[in-house]
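Have a look at the structure below, then the notes.
In my numbering, the protein residues as written are 119 to 411.
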């Protein structure tokens with residue numbers, strides 16, 4: 119299925135200097151109506167389900183999808199709507215919230231490394247190890263809680279060093295068969311304000327809002343700067359970032375679906391071919407199952 123967009127328009131190219139103020143948070147709708155959107159998304163789900171079935175059976179590649187964005191950017195909804203047709207046996211979703219005491223007793227990649235997808239599976243990170251160069255950078259008290267020895271910290275280079283560590287990890291994973299696609303859901307400040315208010319006004323969504331969300335919003339410029347530097351330093355040919363205009367949730371889901379499917383299509387995978395011994399077993403099984411056996 120084709121939609122009226124070029125993925126290259128949203129991809130961050132390696133070494134690119136990223137200015138998020140020049141990246142749109144909204145683009146022209148890729149659908150003509152809500153029913154048309156639903157039909158398009160259903161088509162994508164069908165195609166994604168078929169590709170995931172081959173991925174699972176082939177059992178050589180893994181796919182890691184990373185979702186990042188400010189609060190209320192639509193990460194949860196994108197994961198829910200885009201991935202709803204995927205066989206749960208072949209998909210794992212992890213949401214990384216505040217780290218536990220055990221997490222803090224390990225290196226900054228430990229808690230995510232143990233959740234990486236096995237071969238044949240799709241792993242989804244709702245937030246990820248990228249929080250280590252985002253909220254940990256913007257909020258000093260979060261960094262202090264990691265209790266890193268002072269002599270191991272160079273304030274001038276620590277964030278670029280962490281970005282390099284992440285790039286090295288992703289390169290290692292790629293060379294071992296894990297394909298990585300990263301989505302930054304790019305939301306405008308005004309649209310975030312409206313969505314946060316909706317979480318207050320709708321009782322069944324009250325649980326999704328705390329004062330921490332409002333405090334993070336007050337740090338918007340610093341978060342945008344941290345995101346821009348992170349995207350520029352960590353988008354590679356083998357693990358690209360896509361900046362997804364997120365003011366329109368439906369548009370965002372269509373673009374994300376398109377990117378996932380195009381990635382899976384590049385993989386040299388197929389259903390396993392039966393060996394001669396297996397073919398003989400299948401013929402025997404047929405004889406045993408046929409009427410009159």
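The C-beta atom is built at its ideal place from N, Cα and C for all residues, glycine as well.
DSSP three-state assignment for residue i, whether helix, strand or coil
| i | result |
| --- | --- |
| residue 207 | helix |
| residue 121 | coil |
| residue 156 | helix |
| residue 244 | strand |
| residue 356 | coil |
| residue 218 | coil |
| residue 212 | strand |
| residue 410 | coil |
| residue 137 | coil |
| residue 144 | coil |
| residue 233 | coil |
| residue 202 | coil |
| residue 165 | helix |
| residue 368 | helix |
| residue 194 | helix |
| residue 239 | coil |
| residue 391 | coil |
| residue 386 | coil |
| residue 396 | helix |
| residue 149 | coil |
| residue 173 | helix |
| residue 349 | helix |
| residue 376 | helix |
Opposing strand residues paired with residue i [DSSP bridges]
| i | result |
| --- | --- |
| residue 338 | DSSP output for residue 338 lists no bridge partner at all. |
| residue 180 | 296 |
| residue 362 | 303 |
| residue 186 | 302 |
| residue 129 | 360 |
Contacts around residue i, its chain only, beta-carbon distance under 7 Å, and the 5 residues preceding and following it disregarded
| i | result |
| --- | --- |
| residue 147 | 366 and 369 |
| residue 327 | 314, 317 and 318 |
| residue 144 | 363, 365 and 366 |
| residue 135 | 350 |
| residue 197 | 185, 211, 242 and 244 |
| residue 337 | 256 |
8 Å Cβ cutoff, residue i in contact with chain C
| i | result |
| --- | --- |
| residue 147 | Included in the structure is just one protein chain, with no chain C present. |
Own chain residues within Cβ distance below 8 Å of residue i, not counting five before or after
| i | result |
| --- | --- |
| residue 392 | 400 |
| residue 261 | 254 and 255 |
| residue 166 | 200, 201, 203, 204, 375, 378, 379 and 382 |
| residue 389 | 172, 175 and 176 |
| residue 234 | 180, 182, 241, 291 and 296 |
| residue 264 | 222, 226 and 254 |
| residue 228 | 221 |
| residue 354 | 132, 285, 288 and 289 |
Nonlocal neighbours in the same chain, by C-beta distance under 6 Å from residue i, ignoring five residues either side
| i | result |
| --- | --- |
| residue 313 | 190 |
| residue 288 | 298 and 357 |
| residue 133 | none |
| residue 385 | 179 |
Residue i beta carbon near the ligand SAH (any heavy atom closer than 7 Å)
| i | result |
| --- | --- |
| residue 394 | Summarising the ligand content, the structure contains no ligands, and the ligand SAH is consequently not present. |
Can at least three beta-carbon pairs, one atom from the segment 357 to 377 and one from the segment 124 to 135, be found at a separation below 8 Å?
yes
Could you pull out every unbroken alpha helix (DSSP H) segment of at least 4 residues lying fully inside the segment 248 to 297, listed in chain order?
253 to 256, 258 to 262 and 276 to 293
Using 8 Å as the threshold, is the segment 132 to 148 in touch with the segment 177 to 189, meaning 3 or more CB pairs across them?
no
Does the segment 216 to 223 touch the segment 269 to 277, meaning 3 or more C-beta pairs lie closer than 8 Å?
no
Check whether the segment 372 to 380 touches the segment 297 to 314, counting contact only when three or more Cβ pairs, one atom from each stretch, lie closer than 8 Å.
yes
Report yes or no: do the segment 326 to 336 and the segment 166 to 181 share at least 3 C-beta pairs separated by less than 8 Å?
no
For the segment 304 to 335, list the alpha helix (DSSP H) runs that are entirely contained and at least 4 residues long, ordered along the chain.
307 to 319
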